[in-house]
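Here the sequence shown is numbered in this note's numbering, starting from 1 and rising by one per residue.
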Amino acid sequence: MSAEIKVFKNASLKPFDQHSDAFAISGQDIIAVGSWSELQNLVTAQTQVIDCEGATVIPGIEDSHLHGYMLGRQLSGANISPEHCADLAAVHRKLREHASSNPGWVRGFGWVGGAIEGTGPRSTLTYKELEDAEINEPIILTDFSGHQAWCNKKALDAAGITANTEDPAGGQIVRNSLGEPTGLLLESAVKLVTQVMPRPTRSELTKAVIRARDILLANGITSYTDPGLGPGAASLDDGTASLEVIDVYKQLAKDAELNLRIEVMLLFGGLGGTSIADVKTGLEEFGPPEKRSRGYQVTVSQLKVFADGIPRSRTSWMSQPYDTHPHGSLTLAGSNEKEQVETLHSIYRYATTNGWQIGIHATGDETISAITDAAEQNSESVKFRNYVIHADFIKPADMARMASAGLGINTQPGIRRMVGRAMEPILGKDITLRRERLRDMQSAGVSLALSS
């Protein structure tokens, strides 16, 4: 057994342990923590001793909402985030650089409309801004959230998107004053383009996971929840986060190459029009939720549902109107508000009845009220620790209701930092400043998790 032991010395374990400076591991277990003098008895000629040289050692970080596969996949495209592209000229340069070594469709990611010079919440990016890149291939550029895509004319043509193309359920083809598509696609409309793109090979899926793995481990993240793999991901980002990614995760784990613990959320129906039939069929085909066991690396036991969109797209269901749009709505199946709310309740009830923990994407306060109603009407669901994802805007009264119903919140302050006050023209200053009221959530007794 001694040959399997690794002993780490000269480590700083503060603030968790003020006195120890060494620890030992065997396999996946920490078997001893103490001073170096106390642990020297574990050392034999075969024991590997690692000198931490005073470095701080902490438990691995668990991120409860991290699109791991998507991170790795995006990084095989052109990075046009604000840190790399402050204006359109920089976007064009970055796209040309990527296209020069990657034939075929050009993929990019990370743009933030208001951060590109000459754009903002009231204006829209169009395919015409991409013409100066002088690239004779289809281009699809997803924003930092994965909920919007900026496409050139060739991509629209490849997808057959014209003035006569109807908006899909829960999505929007942004159009000019003549009704012609501008190149900006919102929510489920992104799928119109992603479904005609070349699909990644198994090797490309694996490389994406490995690329993400290396970045996460380098930053101390050893465990995460991947929030949305399955057929519903066809309208999220570049649409490739399929069920096959789960197989890739499990194969890497089997080959002892994953080095991460991953909880997977299944996604059926996507960003718009999800029905109870989508969820029933998907879960029945997958089978029962998997049970987490000691030493687990990949477990599938959660369901992801998109109940509304995002404020920037004006697709969150809000109690207050937007600048140029009404209140938004649920993006679930149903021809009216009543039917959509019933779809939400049916999905919630079915998931928990069949043993699935459910995480629901919701950014608007009306959406969160409806989810809280569903939780209150399914009191047995409290044991599953169901939760709302993002929870940008919440009515104060609903915070107490959520706490009582055992409904948690998983929110991402980093998104608020990134968007800043760019929502003010869309929602007004007062509402914008009430976004993600973390202290109020805590004070109300809501179980709160912060993630990336």
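We treat Cβ as the ideally placed atom computed from N, Cα and C, and that holds for glycine.
Own chain residues within Cβ distance below 7 Å of residue i, not counting five before or after
i	result
M441	M399, I409 and L448
P82	V112 and A115
A133	H92, L95 and R96
G104	E137 and P198
A159	L192, V193 and V196
From the options, residue whose alpha carbon lies closest to that of residue i
i	options	result
R434	M418, P425, A444 and P396	P396
P289	Y249, R261 and T353	T353
F384	S369, C85, T363 and G359	G359
R473	T225, I31 and D143	The chain is shown from 1 up to 452; residue 473 falls before or after that span and cannot be answered.
F431	D323, S369 and L450	Looking at the sequence shown, residue 431 is not Phe but Ile. For the residues D323, S369 and L450, the minimum Cα distance to I431 belongs to D323.
A370	K338, L75, V382 and G355	K338
T206	S404, K250, M318 and G230	K250
For residue j and residue i, the rounded distance between their alpha carbons
i	j	result
A444	P413	18 Å
L186	D308	12 Å
V446	T367	17 Å
I310	A212	25 Å
H67	K304	12 Å
V91	V106	12 Å
A218	C52	16 Å
L141	Q148	8 Å
A351	Q357	7 Å
Q48	G295	22 Å
D29	I58	15 Å
T372	F8	48 Å
I50	K6	7 Å
V419	G364	16 Å
H390	P168	24 Å
R261	G220	13 Å
A189	D17	52 Å
Close Cβ partners of residue i (< 8 Å) along its chain, the five nearest in sequence each way excluded
i	result
G120	With a pLDDT of 47 at G120, under the threshold of 50, the modelled position of this residue cannot be trusted, and the question is left open.
S452	D63, H65, L66, Q412 and G414
H19	S35
A3	Residue placement at A3 is poorly supported in this model, since its pLDDT is 48, which falls under 50; the coordinates are not used for a value here.
Outcome for residue i when other beta-carbon atoms lying within 10 angstroms are tallied against a minimum of 16
i	result
R122	With a pLDDT of 49 at R122, under the threshold of 50, the modelled position of that residue is not reliable, and the figure given next carries that caveat. Classification of R122: exposed, given that the 10 Å Cβ count is below 16.
N10	exposed
S316	buried
S313	buried
M14	Checking the sequence shown, residue 14 turns out to be Lys, not Met. With fewer than 16 Cβ atoms within 10 Å of its Cβ, K14 is classed as exposed.
R199	exposed
M1	In this predicted model, M1 has a pLDDT of only 43, less than 50, meaning its place in the structure is not dependable; the value taken from the coordinates is given anyway. The residue is exposed, with fewer than 16 neighbouring Cβ atoms inside 10 Å.
D392	buried
T274	buried
Spatial neighbours of residue i in its chain, beta-carbon cut-off 6 Å, leaving aside the 5 residues before and after
i	result
T72	The amino acid occupying residue 72 in the given sequence is Gly; Thr does not appear at that position. Excluding sequence neighbours, G72 sits near A208, V209, R211 and A212.
D456	Absent from the structure is residue 456, since the part of the chain shown begins at 1 and ends at 452.
R401	T372
V300	V264 and E290
G282	F268
I25	K6
K153	Y127
Proximity test, residue i beta-carbon vs the ligand NAP heavy atom, cut-off 7 Å
i	result
A115	Here there are no bound small molecules, and the ligand NAP is not part of this structure.
Those runs of the beta strand (DSSP E) which lie wholly inside the region 293-329 and span at least 3 residues: 298-306
4 or more residues per run - each alpha helix (DSSP H) lying fully within the region 364-411: 365-377 and 396-405
Inside the region 144-187 only - alpha helix (DSSP H) runs reaching at least 4 residues: 153-159
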